[in-house]
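Peer 1: What follows is a single structure, and I will ask about it in a moment.
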Ligand SMILES: [Fe+2]
Ligand SMILES: [Fe+2]
């Protein structure tokens with residue numbers, strides 16, 4: 001199957017509206033015969049669920065995941081606002 | 001000097017509990033207060049709010065928050081608020097709170113905010129009832145924020161919203177979705193009082209720094225933007241907007 005604009009729109013809506021996903025920050029990049037998922041989420045579990053759900057929506061299309069987990073370390077700098 | 005820690009869009013659920021805690025244990029050493037800019041949960045359930053309460057409660061400093069759009073998804077906002085308040089977290093919606101820190105009174109006024117877009121490229125309160133309801137919601141919220149900021153009796157004023165008050169901090173997001181990310185009316189409300197700092201979230205792909213037309217510094221503290229557990233801002237006890245006259249020629 002090929003990923004056209006309508007499929008891309010559907011993917012974006014499912015990622016937000018499917019209650020098991022509920023992500024608004026994922027970018028879907030369409031390449032000729034593949035899909036690349038970009039963005040950042042709060043846990044590995046959520047990243048894996050996004051990829052699993054998108055693969056379900058576009059069977060046969062190679063899906064590459066470039067989604068990061070947002071770091072949650074303490075800050076090393078402060079900003080002075082005078 | 002007041003030290004403000006802030007983060008938004010933590011989207012906590014069971015799978016996130018504990019991730020922020022190591023950094024939060026250090027927070028009382030570096031900040032006097034923690035402000036949360038909404039989207040605390042994924043779907044706004046009481047269960048998720050309990051996860052937020054366990055992660056962000058009992059910090060040793062006051063925690064003040066607004067709700068975000070995700071916190072409204074399951075129509076359980078009252079229960080979410082109840083759980084958060086039960087954990088000692090102050091939830092603002094058109095309201096304000098004053099904290100005395102080292103003799104300085106920090107006033108924080110907060111609203112969720114809403115979309116609508118920015119000056120000259122925004123939705124109008126005109127036409128179908130659905131459109132009027134959308135823009136009416138935007139206007140009502142902004143009016144409540146302005147009133148809350150103006151009525152604060154304090155030394156330093158901070159505005160806390162989920163949606164963005166300026167387009168500056170949306171840079172990185174697709175232009176087409178700006179009207180869903182914020183509205184100029186929030187900026188106008190912030191500028192109606194001598195606000196020292198405006199914090200918001202919601203724009204996960206946006207930019208950290210911006211400024212209102214009136215010279216109030218704006219910071220997008222959405223977690224994916226700041227990429228750490230929280231940011232810390234130091235505010236002088238007499239902080240006020242940047243002198244608008246120096247903004248001439250600003251683009
Ligand atoms: Fe968010
Ligand atoms: Fe949001």
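Chains as they are written, first to last, in full-length UniProt numbering: chain A, 1 to 82; chain B, 1 to 251. Beta carbons are placed, not taken as given, at the ideal position from N, Cα and C, and that holds for glycine.
Compute every distance between the C-beta of residue 68/B and the non-hydrogen atoms of ligand 2, then say whether any falls below 7 Å.
Peer 2: Yes, ligand 2 has a heavy atom inside 7 Å of this Cβ.
Peer 1: Leaving out five residues before and five after residue 7/B in sequence, what residues of the same chain have Cβ atoms less than 6 Å from its Cβ?
Peer 2: So the qualifying residues of the chain are 221, 223, 230.
Peer 1: Quick check: the Cα distance between residue 59/B and residue 36/B, rounded to an integer number of angstroms?
Peer 2: Roughly 13 Å between the two C-alpha positions.
Peer 1: Can you tell me the Cα-Cα spacing of residue 62/A and residue 15/B, whole angstroms?
Peer 2: Each residue's Cα considered, the two are about 27 Å apart.
Peer 1: In angstroms, rounded to a whole number, what distance separates the CA positions of residue 1/A and residue 31/A?
Peer 2: Distance between the alpha carbons of residue 1/A and residue 31/A is about 13 Å.
Peer 1: Under 8 Å, Cβ to Cβ, is there at least one residue of chain B near residue 24/A?
Peer 2: For residue 24/A, the answer is yes, since a Cβ of chain B falls inside 8 Å of its Cβ.
Peer 1: Do you know offhand how far residue 260/B's Cα is from residue 237/B's?
Peer 2: Chain B is shown from 1 up to 251; residue 260/B falls before or after that span and cannot be answered.
Peer 1: By how many angstroms is the C-alpha of residue 27/B removed from the C-alpha of residue 75/A?
Peer 2: Taking the straight line joining both Cα atoms gives about 9 Å.
Peer 1: Do residue 149/B and residue 159/B count as a contact pair if the criterion is CB distance below 8 Å?
Peer 2: Contact flag set, yes.
Peer 1: By Cβ distance, which residues of its chain are closer than 6 Å to residue 27/A, with the 5 residues on each side in sequence left out?
Peer 2: 38, 39.
Peer 1: Distance, Cα to Cα, residue 35/A vs residue 118/B?
Peer 2: C-alpha separation (whole angstroms): 33 Å.
Peer 1: Taking the C-alpha atoms as reference points, what is the distance between residue 132/B and residue 126/B?
Peer 2: For residue 132/B and residue 126/B, the distance between alpha carbons rounds to 6 Å.
Peer 1: Over what stretch of residues does the beta strand (DSSP E) that includes residue 211/B continue unbroken?
Peer 2: Element bounds for residue 211/B: 209 to 211.
Peer 1: Please check if any C-beta of chain A sits within less than 8 Å of the C-beta of residue 228/B.
Peer 2: It does: the Cβ of residue 228/B has a partner Cβ on chain A nearer than 8 Å.
Peer 1: Applying the criterion that 16 or more other CB atoms from any shown protein chain within 10 Å of the CB defines a buried residue, is residue 239/B buried or exposed?
Peer 2: Label assigned to residue 239/B: buried.
Peer 1: How many Å lie between residue 45/B and residue 68/A at the Cα?
Peer 2: Each residue's Cα considered, the two are about 25 Å apart.
Peer 1: If you drop the 5 nearest sequence neighbours on each side, which residues of the same chain put their C-beta closer than 6 Å to that of residue 106/B?
Peer 2: Cβ neighbours of residue 106/B beyond the five flanking positions: 2, 99, 156.
Peer 1: Once DSSP output is grouped into helix, strand and coil, what is the label at residue 19/B?
Peer 2: In the structure shown, residue 19/B sits in coil (DSSP, three-state: anything other than H, G, I, E or B).
Peer 1: Cα-Cα, which of 80/B, 188/B, 123/B is closest to residue 39/B?
Peer 2: Comparing Cα-Cα distances from residue 39/B to each of 80/B, 188/B, 123/B, the minimum goes to 80/B.
Peer 1: Could you compute how far the alpha carbon of residue 248/B sits from the alpha carbon of residue 153/B?
Peer 2: Low confidence applies to residue 248/B: its pLDDT is 48, below 50, so where it sits in the model is not reliable enough to give any reading.
Peer 1: CB residue 22/A to CB residue 42/B, shorter than 8 Å?
Peer 2: Yes, these two residues count as a Cβ contact at 8 Å.
Peer 1: So which residues on chain A does residue 42/B lean against when the C-beta distance must stay under 7 Å?
Peer 2: Ordered by position in chain A, the residues that pass the 7 Å Cβ test against residue 42/B are 22.
Peer 1: Measuring only from the beta carbon, is residue 73/B closer than 7 Å to any heavy atom that is part of ligand 1?
Peer 2: Not under cutoff, so the answer is no.
Peer 1: What separation, rounded to the nearest whole angstrom, lies between the Cα atoms of residue 209/B and residue 57/B?
Peer 2: Spanning the two alpha carbons is a distance of roughly 28 Å.
Peer 1: Classify residue 19/B: buried if its beta carbon has 16 or more other beta carbons within 10 angstroms, exposed otherwise.
Peer 2: It counts as buried.
Peer 1: From the DSSP output, read off the bridge partner residues of residue 222/B.
Peer 2: 8/B, per the DSSP bridge assignment.
Peer 1: Between the beta-carbon of residue 164/B and the beta-carbon of residue 25/A, is there less than 8 Å?
Peer 2: Cβ atoms of residue 164/B and residue 25/A: not closer than 8 Å.
Peer 1: Considering Cα atoms alone, identify which of 78/A, 6/A, 16/A is closest to residue 41/A.
Peer 2: Measuring from the Cα of residue 41/A, the nearest candidate turns out to be 16/A.
Peer 1: Can you find the residues in the same chain that come closer than 7 Å, C-beta to C-beta, to residue 77/B, ignoring five residues on each side of it along the sequence?
Peer 2: Hits under 7 Å: 44, 67, 71.
Peer 1: Helix, strand or coil for residue 9/A, going by three-state DSSP, please let me know.
Peer 2: Correct three-state label for residue 9/A: helix.
Peer 1: Would you give the residue range spanned by the alpha helix (DSSP H) that residue 29/B belongs to?
Peer 2: Looking at the DSSP string, the run of the alpha helix (DSSP H) that includes residue 29/B is 27 to 30.
Peer 1: Considering Cα atoms alone, identify which of 178/B, 162/B, 161/B is closest to residue 168/B.
Peer 2: Considering only alpha carbons, the answer is 178/B.
Peer 1: For residue 202/B, is the beta carbon positioned less than 7 Å from some heavy atom of ligand 2?
Peer 2: For ligand 2, at least one heavy atom lies less than 7 Å from the Cβ of residue 202/B.
Peer 1: If I'm right that residue 30/B touches residue 101/B with Cβ under 8 Å, what's the distance once you round it to whole angstroms?
Peer 2: At roughly 13 Å, the Cβ-Cβ gap does not stay under 8 Å, so residue 30/B and residue 101/B are not in contact.
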